[in-house]
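Participant: Here it is, the structure, as structure tokens.
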Amino acid sequence: VVLVSDSGGIATCLADFLKAAGKESALRSWTKKYEAEYVKKKDDRPKWDKIQRAMQEIAAVQEKEKKISSFALSETSTAALDLHVLNAVINDDTQCRAGTRLQLAVQWNRKEVVQSVMLNLRTMAPANDFAAAE
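According to the working numbering, the sequence shown is numbered sequentially starting from 6.
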């Protein structure tokens, strides 16, 4: 999942929650900020509670599986978007084998990703994994 953290709405809310997760004072600040935004009247409370539960579930999955790649578009050029999409694809072990990671990095002409994949292939994958990915 590629999350544009400064796109507003729930995406920004989630990005801020993931940064605050596990830090008590940061979570209090997050709650104060977003509760004021999402709870305008008493009827909004159940929706807010549901948002908080969903954020906690997403953070728990992220902690274990690292499936979310987040970046601020205002801090980088739109050209960096392809790098975040590529990293999201190749870093998902359930969707992309080691050999395919290298092929994608080369095809996308991302030298820094090729280097990273090559280092990971050396340290993590058996010698025949690249051939098995074909």
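The beta carbon of each residue, even a glycine, is placed where N, CA and C say it ideally should be.
(1) Any heavy atom of the ligand FAD closer than 7 Å to the CB of Lys-52?
(2) Please report whether the beta-carbon of Lys-24 lies at a distance below 8 Å from any beta-carbon of chain C.
(3) Give me the Cα-Cα distance between Leu-78 and Arg-50, rounded to the nearest whole angstrom.
(4) Grab me the residues of Thr-17's own chain with a C-beta within less than 8 Å of its C-beta, minus the 5 sequence neighbours each way, in chain order.
(5) Do you know how far the Cα of Arg-115 is from the Cα of Gly-27?
(6) Could you tell me if Val-90 is buried or exposed, where buried requires 16 or more neighbouring beta carbons within 10 angstroms of its beta carbon?
(7) Apart from the five residues just before and just after Ala-25, which ones in its own chain have a Cβ nearer than 6 Å to its Cβ?
(8) Going along the chain, which residues of its own chain have a beta-carbon closer than 7 Å to the beta-carbon of Gln-67, five neighbours each way excluded?
(9) Taking only three categories from DSSP, how would you classify Val-9?
(10) Taking the alpha helix (DSSP H) that Ser-30 belongs to, which residues open and close that run?
(11) Rounded to whole angstroms, what's the CA-CA distance from Asn-125 to Lys-69? Just pull it up for me.
Facilitator: The structure says:
(1) In the structure on display, the ligand FAD does not appear, and there are no ligands present to speak of.
(2) Reference to chain C is not applicable here, since this structure consists of a single protein chain.
(3) Here residue 78 corresponds to residue number 73 of the sequence shown, with the count starting at 1. Here residue 50 corresponds to residue number 45 of the sequence shown, with the count starting at 1. Rounded to whole angstroms, Leu-78 to Arg-50 spans 31 Å at the Cα level.
(4) Within the sequence shown, numbered from 1, the residue matching residue 17 stands at position 12. Result list for Thr-17: Ser-10 and Asp-11, in chain order.
(5) By 1-based counting over the sequence shown, the position of residue 27 is 22. By 1-based counting over the sequence shown, the position of residue 115 is 110. For Gly-27 and Arg-115, the distance between alpha carbons rounds to 33 Å.
(6) Taking the sequence shown and counting its residues from 1, one reaches residue 90 at position 85. It is exposed - the Cβ of Val-90 has fewer than 16 other Cβ atoms within 10 Å.
(7) In the sequence shown, residue 25 corresponds to position 20, counting from 1. Cβ within range, chain order: Ala-31, Leu-32 and Trp-35.
(8) Taking the sequence shown and counting its residues from 1, one reaches residue 67 at position 62. Leu-23 and Ile-73.
(9) On the sequence shown, residue 9 is found 4 positions in, with the first residue counted as 1. Val-9 falls in the strand class under three-state DSSP.
(10) Residue 30 sits at position 25 when you count from the first residue of the sequence shown. Where Ser-30 is concerned, the enclosing alpha helix (DSSP H) stretches over 29-43.
(11) Numbered from 1 along the sequence shown, position 120 holds the residue referred to as residue 125. Numbered from 1 along the sequence shown, position 64 holds the residue referred to as residue 69. Between Asn-125 and Lys-69, the C-alpha separation is close to 19 Å.
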